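Asks:
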Amino acid sequence: MAIANAREQGERSAAVEPRATSAKFDAQRRRLVLILDSGAELSVAVEALGLPLNTDFGSVRVEGGGFDLYFPLADEGVFVPDLVRTALGRLAA
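In the UniProt record's numbering, the protein residues as written are 1 to 93.
Shown next, in the form of C-alpha cells:
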C-alpha cells in the first residue's frame, strides 16, 4: 500500500512540479543553466544553490526523473522544484 501511495504522489508531483531535462555549468558566468521540462531555460547563480563554493559544479547530473540535481564529487544534491521557486521568487521580488 505504501508503495502505491508513493507512486501516486510521484505522479501528482510530476504533473505540476518543474523538472530539469538538462543542466550544465557556465563557468565563465558561474551560473548553473537548467532546461526545464516546460522548455524554459533557467540560469541560477551558484551562490543560490546553497552548496560550498568550491563544489565542482561542472560535474552536475540530472537524476530522480528530473527532480534532483546531483554533484557527485561533493556528494550533494539540490531539489529542482525548490531551486526554481527560490530563483523565481527572487526575480519577482
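In this text, a Cβ means the ideal position worked out from N, Cα and C, and glycines have one as well.
Remember, it's a predicted structure, so these values are computed and weren't measured experimentally.
Could you pull out every residue in the same chain whose Cβ sits closer than 6 Å to the Cβ of P81, ignoring the five residues on either side in sequence?
Replies: Counting from 1 along the sequence shown, the entry for residue 81 is found at position 81. So the qualifying residues of the chain are E17, P18.
Asks: Taking only the alpha-carbon atoms, compute the straight-line gap between A93 and A2 and give it to the nearest angstrom.
Replies: Residue numbering aside, residue 93 sits at position 93 when the sequence shown is read from its first letter. Residue numbering aside, residue 2 sits at position 2 when the sequence shown is read from its first letter. Confidence is the limiting factor: at A93 the pLDDT is only 44, short of 50, which leaves the residue's position unreliable, though a coordinate-based value still follows. Approximately 39 Å, taken between the alpha carbons.
Asks: For the 8 Å Cβ check, are there 3 or more pairs between the region 60-75 and the region 40-47?
Replies: In short, these stretches do not touch, since the Cβ pair count stays below three.
Asks: Is L73 buried or exposed, if buried means 16 or more other CB atoms sit within 10 Å of its CB?
Replies: Taking the first residue of the sequence shown as position 1, residue 73 is located at position 73. L73 should be labelled exposed.
Asks: Going straight from the alpha carbon of L51 to that of L83, what length do you get?
Replies: By 1-based counting over the sequence shown, the position of residue 51 is 51. By 1-based counting over the sequence shown, the position of residue 83 is 83. If I take the Cα positions, the gap works out to 12 Å.
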